[in-house]
Amino acid sequence: MQLIIMGAPGAGKGTQAAKLVAKYGIPQISTGDMFRMAVKSGSELGKAAKSCMESGKLVPDEVTIGIVRERLGKADCAKGFILDGFPRTVAQAEALKVILADLGKSLTCVLNVNVPSSELIERAIGRRICKACGATYHIKFNAPIKENICDICGGELYQRADDTAETMANRLRVYEASTRPLIEYYKGIGLYEEIDGCQRIEQVTKDMMSVLANRGA
Ligand code: AP5
Ligand code: MG
Ligand code: ZN
Numbered sequence: 110m111q112l113i114i115m116g117a118p119g120a121g122k123g124t125q126a127a128k129l130v131a132k133y134g135i136p137q138i139s140t141g142d143m144f145r146m147a148v149k150s151g152s153e154l155g156k157a158a159k160s161c162m163e164s165g166k167l168v169p170d171e172v173t174i175g176i177v178r179e180r181l182g183k184a185d186c187a188k189g190f191i192l193d194g195f196p197r198t199v200a201q202a203e204a205l206k207v208i209l210a211d212l213g214k215s216l217t218c219v220l221n222v223n224v225p226s227s228e229l230i231e232r233a234i235g236r237r238i239c240k241a242c243g244a245t246y247h248i249k250f251n252a253p254i255k256e257n258i259c260d261i262c263g264g265e266l267y268q269r270a271d272d273t274a275e276t277m278a279n280r281l282r283v284y285e286a287s288t289r290p291l292i293e294y295y296k297g298i299g300l301y302e303e304i305d306g307c308q309r310i311e312q313v314t315k316d317m318m319s320v321l322a323n324r325g326a
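According to my numbering, the sequence shown holds residues 110 to 326 in order.
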């Protein structure tokens, strides 16, 4: 199964990708997570990505496409993968088509998690992430049992540098201008599926699984 989870910043792509990884046993490929790791390690890639991420802009297509091409060629992607946050531009979608053709694979479908922008800001600002295992929480919608402590591993929770009201406003503008057009792009090739992201996390996962089952995945 080769899956794309699309959606605006804070829509729940990462949350749902983690659920589907557990169900289907295929890896989550999050370009945002890959860039954050690169920034943390101080690599050349991290240096290129840092200022774009901090201001809520997209990392240039050629950089992003390069890391995805390399990642999808790894052995753990042989049985499939879940793309989270890629593609985000029509140029990236076109590049993905070529990468998949080179690998002899095709897309199963594109799940778009739909959430109105008023709610996205609250979701991003309240998000907390485990420093140790990367699990995602929300102070109101998905709170850990103990404040600031990960339920799974006991790690400390932190807030992403780009989860501020100001950067989030930029991220939403960039989404509207560059990423929303992909909805029409994927509708046009019959791969698009809309998922209501305003339901409980568990219900969103159920809806995704039933769409995937209907597509024979
Ligand atoms: P990235 O990390 O991908 O950020 P994003 O797209 O802005 O999306 P988020 O990770 O913020 O949100 P999400 O949809 O994963 O939501 P989550 O599940 O965490 O990218 C960061 C940056 O990297 C970009 O700005 C760009 O600079 C760069 N980049 C990345 N990919 C790129 C690309 N392809 N090209 C160029 N540049 C790229 O959920 C959010 C919160 O809501 C959490 O607190 C969660 O607990 C809560 N929540 C989730 N689901 C629900 C629900 N159903 N109900 C209530 N709360 C919920
Ligand atoms: Mg995410
Ligand atoms: Zn943890």
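All residues carry an ideal CB built from backbone N, CA and C; glycine is no exception.
Asked	Found
Proximal residues to residue 52 (C-beta, below 7 Å), its chain only, five neighbours per side dropped	Absent from the model: residue 52. The displayed extent of the chain is 110 to 326, so no value can be given.
DSSP state of residue 139 mapped onto helix, strand, coil	strand
Whole-angstrom C-beta distance between residue 197 and residue 287, which should lie under 8 Å	6 Å
Of the listed residues 110, 157, 210, 317, nearest to residue 223 (C-alpha basis)	317
Reduced DSSP secondary structure (H/G/I, E/B, other) of residue 168	coil
Beta bridge counterpart(s) of residue 195 as assigned by DSSP	Residue 195 pairs with nothing; no bridge assigned.
Any non-hydrogen atom of the ligand MG within 7 Å of residue 240 CB	no
Cβ contact (3+ pairs, closer than 8 Å) linking the stretch 181–194 and the stretch 124–135	yes
Bridge-paired residues (DSSP) for residue 115	221
Rounded separation between residue 172 and residue 199 - CA only	15 Å
Heavy atom of the ligand AP5 within 7 Å of residue 162 beta-carbon	yes
Beta-carbon proximity list for residue 164, same chain, < 8 Å, skipping 5 on both sides	276, 279
Selected residue, minimal CA-CA separation from residue 143, among 314, 184, 175	175
Contact test: residue 123 Cβ vs the ligand MG heavy atom, cutoff 7 Å	yes
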